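Trainee: Each residue of the sequence shown is one higher than the one before, starting from 1 at the first, in the UniProt record's numbering.
Even glycine gets a Cβ: it sits at the ideal position worked out from N, Cα and C.
Keep in mind the model is a prediction, meaning the values are calculated, not measured.
Following this message is one structure expressed as structure tokens.
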Amino acid sequence: MEPPDPTYTRTLMCWKKRVRSEYIRLQQLKRFQANTAARMFYVENLTKAQERAHLLNEDWKKLRVQPIQMMKPTSGHPFLKKSTVESSFPGFAVQTIFMRSLNTVALVPIMYSWSPLQQNFMVEDETVLCNIPYMGDEVKEEDETFIEELINNYDGKVHGEEGSGLLDDASFLELMEALLQYTDEEEKWLSYSTEGKGEEVKEEGPMTRKRKRIAEEGSKRVCRSLLPNDLIFSAISAVFPERGFPEEVKKRYKELTEAYDPNALPPQCTPNIDGPCAKSVQREQSLHSFHTLFCRRCFKYDCFLHPFHASPNVYRRRNREIKIETEPCGIHCFLWLEGAKEYAMMNNPRSKCLGRRRRKTTALAASGSNSNVMETKEGDSDRDTGNDCASSSSEANSRSQTPTKQRQGSLSGELPDVSEPSEPVEWSGAEESLFRVFHGTYFNNFCSIARLMGTKTCKQVFQFAVTDSLLLKVPAKELMSTAQKKKRKHRLWAAHCRKIQLKKDNSANQVYNYQPCDHPDHPCDSTCPCIMTQNFCEKFCQCNPDCQNRFPGCRCKTQCNTKQCPCYLAVRECDPDLCLTCGASEHWDSKVVSCKNCSIQRGLKKHLLLAPSDVAGWGTFIKESVQKNEFISEYCGELISQDEADRRGKVYDKYMSSFLFNLNNDFVVDATRKGNKIRFANHSVHPNCYAKVVMVNGDHRIGIFAKRTIQAGEELFFDYRYSQADALKYVGIERETDII
1 MEPPDPTYTR TLMCWKKRVR SEYIRLQQLK RFQANTAARM FYVENLTKAQ ERAHLLNEDW
61 KKLRVQPIQM MKPTSGHPFL KKSTVESSFP GFAVQTIFMR SLNTVALVPI MYSWSPLQQN
121 FMVEDETVLC NIPYMGDEVK EEDETFIEEL INNYDGKVHG EEGSGLLDDA SFLELMEALL
181 QYTDEEEKWL SYSTEGKGEE VKEEGPMTRK RKRIAEEGSK RVCRSLLPND LIFSAISAVF
241 PERGFPEEVK KRYKELTEAY DPNALPPQCT PNIDGPCAKS VQREQSLHSF HTLFCRRCFK
301 YDCFLHPFHA SPNVYRRRNR EIKIETEPCG IHCFLWLEGA KEYAMMNNPR SKCLGRRRRK
361 TTALAASGSN SNVMETKEGD SDRDTGNDCA SSSSEANSRS QTPTKQRQGS LSGELPDVSE
421 PSEPVEWSGA EESLFRVFHG TYFNNFCSIA RLMGTKTCKQ VFQFAVTDSL LLKVPAKELM
481 STAQKKKRKH RLWAAHCRKI QLKKDNSANQ VYNYQPCDHP DHPCDSTCPC IMTQNFCEKF
541 CQCNPDCQNR FPGCRCKTQC NTKQCPCYLA VRECDPDLCL TCGASEHWDS KVVSCKNCSI
601 QRGLKKHLLL APSDVAGWGT FIKESVQKNE FISEYCGELI SQDEADRRGK VYDKYMSSFL
661 FNLNNDFVVD ATRKGNKIRF ANHSVHPNCY AKVVMVNGDH RIGIFAKRTI QAGEELFFDY
721 RYSQADALKY VGIERETDII
């Protein structure tokens, strides 16, 4: 290894000193500017307040004040206290009234502010300590030690602390601008030191001097457009190691200093389809933002439960929602083309087998008249044998799907005759993109697509589809009958349950968060994330629908509240998309449902009241009576990681007040800042409620259920599962157990 160049080392040390000095100078300048701005705002606000007060005083002087005439008491006791009010204004009588003492009112228990929630809210980890917790007026030695340990848990990062050593992008650009002045001065000094004789300068005329000055300014601009010396980036990387290596600092500077065009679009961004710069792009590119921002598990945008975990495509839709019209919609309808009506009948979902027989009969009858039509229809009939009863692809459901590849059918022998001459129709980029978006949902229903577009006839839409090679069969997979498929699924799942011993005690098993598996063309084996975490494959997984690890739902016809129900046995709620016989998929507009294992997802919670508790602080009371094992409420709060829960838990233990609830091995529900009224339910070793973590549509959720029959007005308690030492430390009063 060669020793470093001494000149390079000295130069690097010099640049390090410059970086430190310029950074300190910029920080001092920022503080001075902030103080100056604060003084300026204070003076402006004080001036406005004085002007407003002066106007109010002038208005009050114009008002006519009339004293309130108090009635003189007819009698009074000499031992009662009197309150007398005397006015300094002439003409005001002395006002006297007897004082009445009020009884002492019990103090309301202390309550810290919190935001109400009706569902869990996932948040990111806080890597910077937002504030130093208040430990009381008297500072003890153990408190100082605790604060030091707390700061160390956040790697010494405290919000708003001066001199924290963090360099943001704005400060980085200011520092680079200040350091570039040194390079300009050095280049200027070198240019002066290498100048020629003075006679050459004297010989130059005024025009030559001007040209030289313009050339110097131009060269300066060229130098600024280029990247600075690598020594500067090396010095910044050495002083601020959190910025990364010199190459990373250089790359970041290049990104921040690139010319900004206000009309330029970010990378991977499609121009507005309604704007003048609209382009003709594929459906996947047009719907990229919608597919990215839409949560396929919650069916809504801006999901707060899965914001940091992208979910893949979800289950397939079973039937097509829009059938192709068989009657022309107008004089410009594509159905007037030769063979178009037969094509529509052939692709309609309602004309499956009957349509196939009719087409074959028609083809045989017309064998002597038109052999081309016969070949077309017979070819379609043979090709559609397995496709007419098929389900639509995930691409068809634009509400819940990400882009998937569609299977394109052969255009020969299937399409109506479009060879007749017609005038060329001009399609804009926006219209072409819009057609591709609609075609992914409506497929070959060109009449509906034309009505939605509004600018083209369905005949023109059909011709463009043929030109763009988008006329295709609905992508599908051959399916067996529903009854056979269900029976086979349940048989496979029963064998799988026996294999993994589902009925054993789950208390010793670790529960991991569910993430949909996505390994196309590969079965779920030991490498599948669902198998590795001992989770079932859900409807959101991308594996085969006949996957052995996929939970098939139940076929119960009762209330699904015993272990005879597979869903109840697996500690999960009935899925309305899988459990079709128990009533979980019915009566969504009513609270009366036959299935009793779908209360959390339907939000069938009881009316809870908040009042001071007889045990500690505030308590949760129920307004209506409930039966044993009946759902009461869901324990909601912030969804945080286990590491974040450890950091927060140290502060909560110091306050002796914690709302943390373990959800699984990956996440914890914290109801300290956000939650619902069930967060005030206190601990008891003889509780009337119990908590249970239930899998609900792929998400673990905490349900609070009645452990026995609870009468209206009772306070709710459940076991926090404290250790014996912690129970004595945090809960010193046990509730009375008169009602059993």
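(1) Can you find at least 3 beta carbon pairs, one from the region 596-616 and one from the region 534-543, that sit closer than 8 angstroms?
(2) Does Ile132 pass the burial test, meaning 16 or more other C-beta atoms within 10 Å, or should it be called exposed?
(3) Given this structure, state the Cα-to-Cα distance separating Pro687 from Ile600, to the nearest angstrom.
(4) Alpha carbon to alpha carbon, how far is Leu434 from Tyr442? Give it in angstroms, no decimals.
(5) Among the residues of its own chain, which have a CB less than 6 angstroms from the CB of Cys598, if the five just before and after it don't count?
(6) Nearest to Ile632 by alpha carbon, out of Thr145, Ser641 and Lys596?
(7) Specify the secondary structure class of Gly440 as computed by DSSP and reduced to three states.
(8) Quick one: which unbroken beta strand (DSSP E) runs of 3-plus residues sit fully inside the UniProt domain "SET" (606-721)? Chain order, please.
(9) Output the residue ranges of the alpha helix (DSSP H) runs that lie fully inside the region 511-575 and measure 4 residues or longer, sorted by chain position.
(10) From this set, Ala450, Leu660, Ser684 and Glu630, which residue's C-alpha is nearest Asp643's C-alpha?
(11) Let's see if you can read the secondary structure: which residues bound the alpha helix (DSSP H) around Thr47?
(12) Between the region 447-458 and the region 295-306, do at least 3 Cβ pairs fall closer than 8 angstroms?
(13) Please state whether DSSP places Leu282 in a helix, a strand or coil.
(14) Assign Ala106 to buried or exposed, taking buried as 16 or more other Cβ atoms, counted over all protein chains shown, within 10 Å of its Cβ.
(15) Among Leu167, Val239 and Thr145, whose alpha-carbon lies nearest the alpha-carbon of Arg20?
(16) Looking only at DSSP bridge pairs, what is Val158 linked to?
(17) Beta-carbon separation of Arg701 and Glu634 under 7 angstroms?
(18) If you draw a straight line from the alpha carbon of Asn697 to that of Pro576, how long is it in whole angstroms?
(19) Assuming the contact rule is C-beta atoms closer than 8 angstroms, Ala430 and Asp274 should be a hit. Round their C-beta distance to whole Å, please.
(20) From what residue to what residue does the beta strand (DSSP E) around Val94 run?
(21) Over what stretch of residues does the beta strand (DSSP E) that includes Val85 continue unbroken?
(22) Please state the DSSP three-state secondary structure of Phe294.
(23) Hey, Cys458 and Cys329 are a contact pair by Cβ (cut 8 angstroms); roughly how many whole angstroms apart?
(24) Kindly identify the DSSP beta-bridge partner or partners of Tyr301.
(25) Which of the three DSSP states is assigned to Ser115 in this structure?
(26) Between Arg100, Thr270 and Asp125, which has its C-alpha nearest Val281's C-alpha?
(27) Taking the CB atoms as reference points, tell me whether Lys674 and Glu638 lie closer together than 7 angstroms.
(28) With Tyr512 and Asn272 assumed to form a contact (beta carbons below 8 angstroms), what rounded beta-carbon distance in angstroms separates them?
(29) Identify the continuous alpha helix (DSSP H) that holds Pro246 and give its terminal residues.
(30) In whole angstroms, what is the alpha-carbon distance linking Glu144 and Val693?
(31) Beta carbon of Ile232, beta carbon of Leu179: below 7 angstroms?
(32) Grab the span of the alpha helix (DSSP H) containing Arg451 for me, first residue to last.
(33) Cβ-heavy atom distance between Leu335 and the ligand NAD below 6 angstroms?
(34) Following the continuous alpha helix (DSSP H) through Ile273, name the residue where it begins and the one where it ends.
(35) Out of curiosity, what's the CA-to-CA distance linking Gln548 and Tyr568?
(36) Report the three-state DSSP secondary structure of Phe240 (helix, strand or coil).
Mentor: Reading from the atomic positions:
(1) no
(2) The residue given as residue 132 occupies position 132 in the sequence shown. Exposed, by the Cβ-count rule.
(3) Stepping through the sequence shown from its first residue, residue 687 is reached at position 687. Stepping through the sequence shown from its first residue, residue 600 is reached at position 600. Those two C-alpha atoms are separated by around 21 angstroms.
(4) Translated into positions along the sequence shown, residue 442 becomes position 442. Translated into positions along the sequence shown, residue 434 becomes position 434. So the two alpha carbons sit approximately 12 angstroms from each other.
(5) The residue labelled residue 598 in the question sits at position 598 within the sequence shown. Glu573, Cys574 and Ala584.
(6) Taking the first residue of the sequence shown as position 1, residue 632 is located at position 632. The shortest C-alpha separation from Ile632 is found at Lys596.
(7) Residue 440 sits at position 440 when you count from the first residue of the sequence shown. Looking at Gly440 - three-state DSSP - the assignment turns out to be helix.
(8) 608-612, 618-622, 631-634, 637-641, 660-662, 667-675, 689-696 and 699-706
(9) 529-532 and 566-569
(10) The residue given as residue 643 occupies position 643 in the sequence shown. For Asp643, the nearest C-alpha among the options comes from Leu660.
(11) As a working note, residue 47 is residue 47 in the sequence shown. Start and end: Pro6 to Lys62.
(12) no
(13) The residue given as residue 282 occupies position 282 in the sequence shown. The question names Leu, but residue 282 is Gln in the sequence shown. Reduced to three states, the DSSP call for Gln282 is coil.
(14) Position 106 of the sequence shown, counted from the first residue, corresponds to residue 106. Under this definition Ala106 is an exposed residue.
(15) If you number the sequence shown from 1, residue 20 lands on position 20. Taking only the C-alpha atoms, the option nearest Arg20 is Val239.
(16) Taking the sequence shown and counting its residues from 1, one reaches residue 158 at position 158. According to DSSP, which records beta bridges pairwise, Val158 is partnered with Leu129.
(17) Position 701 of the sequence shown holds residue 701. Position 634 of the sequence shown holds residue 634. For Arg701 and Glu634, yes; Cβs fall inside 7 angstroms.
(18) Stepping through the sequence shown from its first residue, residue 697 is reached at position 697. Stepping through the sequence shown from its first residue, residue 576 is reached at position 576. Their Cα atoms are separated by approximately 9 angstroms.
(19) Working through the sequence shown from its first residue, we reach residue 430 at position 430. Working through the sequence shown from its first residue, we reach residue 274 at position 274. Yes, they are in contact, since the Cβ atoms of Ala430 and Asp274 sit about 7 angstroms apart, within 8 angstroms.
(20) Numbered from 1 along the sequence shown, position 94 holds the residue referred to as residue 94. Premise fails: Val94 is in no beta strand (DSSP E) and is neither H nor E.
(21) Translated into positions along the sequence shown, residue 85 becomes position 85. Looking at the DSSP string, the run of the beta strand (DSSP E) that includes Val85 is Lys82 to Val85.
(22) Here residue 294 corresponds to residue number 294 of the sequence shown, with the count starting at 1. Reduced to three states, the DSSP call for Phe294 is strand.
(23) Position 458 of the sequence shown holds residue 458. Position 329 of the sequence shown holds residue 329. Their Cβ separation, rounded to whole angstroms, is 6 angstroms, which keeps Cys458 and Cys329 in contact under 8 angstroms.
(24) Taking the sequence shown and counting its residues from 1, one reaches residue 301 at position 301. Tyr301 is bridged to Phe294.
(25) What you label residue 115 is simply residue 115 of the sequence shown in a count that begins at 1. It is a strand residue.
(26) Taking the first residue of the sequence shown as position 1, residue 281 is located at position 281. Ranking the options by Cα distance to Val281, first place goes to Thr270.
(27) Numbered from its first residue, the sequence shown carries residue 674 at position 674. Numbered from its first residue, the sequence shown carries residue 638 at position 638. Yes, Cβ-Cβ distance for Lys674 and Glu638 is below 7 angstroms.
(28) Against the sequence shown, residue 512 aligns to sequence position 512. Against the sequence shown, residue 272 aligns to sequence position 272. Rounded, the Cβ-Cβ distance is 42 angstroms, inconsistent with contact.
(29) Taking the first residue of the sequence shown as position 1, residue 246 is located at position 246. Looking at the DSSP string, the run of the alpha helix (DSSP H) that includes Pro246 is Pro246 to Thr257.
(30) Taking the sequence shown and counting its residues from 1, one reaches residue 144 at position 144. Taking the sequence shown and counting its residues from 1, one reaches residue 693 at position 693. About 38 angstroms.
(31) Here the question's residue 232 lines up with position 232 in the sequence shown. Here the question's residue 179 lines up with position 179 in the sequence shown. Cβ distance < 7 angstroms, so Ile232 and Leu179 count as in contact.
(32) Position 451 of the sequence shown, counting from 1, holds the residue named residue 451. Looking at the DSSP string, the run of the alpha helix (DSSP H) that includes Arg451 is Phe446 to Met453.
(33) No copy of the ligand NAD occurs in the structure displayed, which carries no ligand at all.
(34) Here residue 273 is taken as the residue at index 273 of the sequence shown, counted from 1. Looking at the DSSP string, Ile273 is not in any alpha helix (DSSP H), and its letter there is neither H nor E.
(35) Taking the first residue of the sequence shown as 1, we reach residue 548 at position 548. Taking the first residue of the sequence shown as 1, we reach residue 568 at position 568. Distance between the alpha carbons of Gln548 and Tyr568 is about 20 angstroms.
(36) For the purposes of this step, residue 240 is identified with residue 240 of the sequence shown, where counting begins at 1. If DSSP states are grouped into helix, strand and coil, Phe240 belongs with coil.
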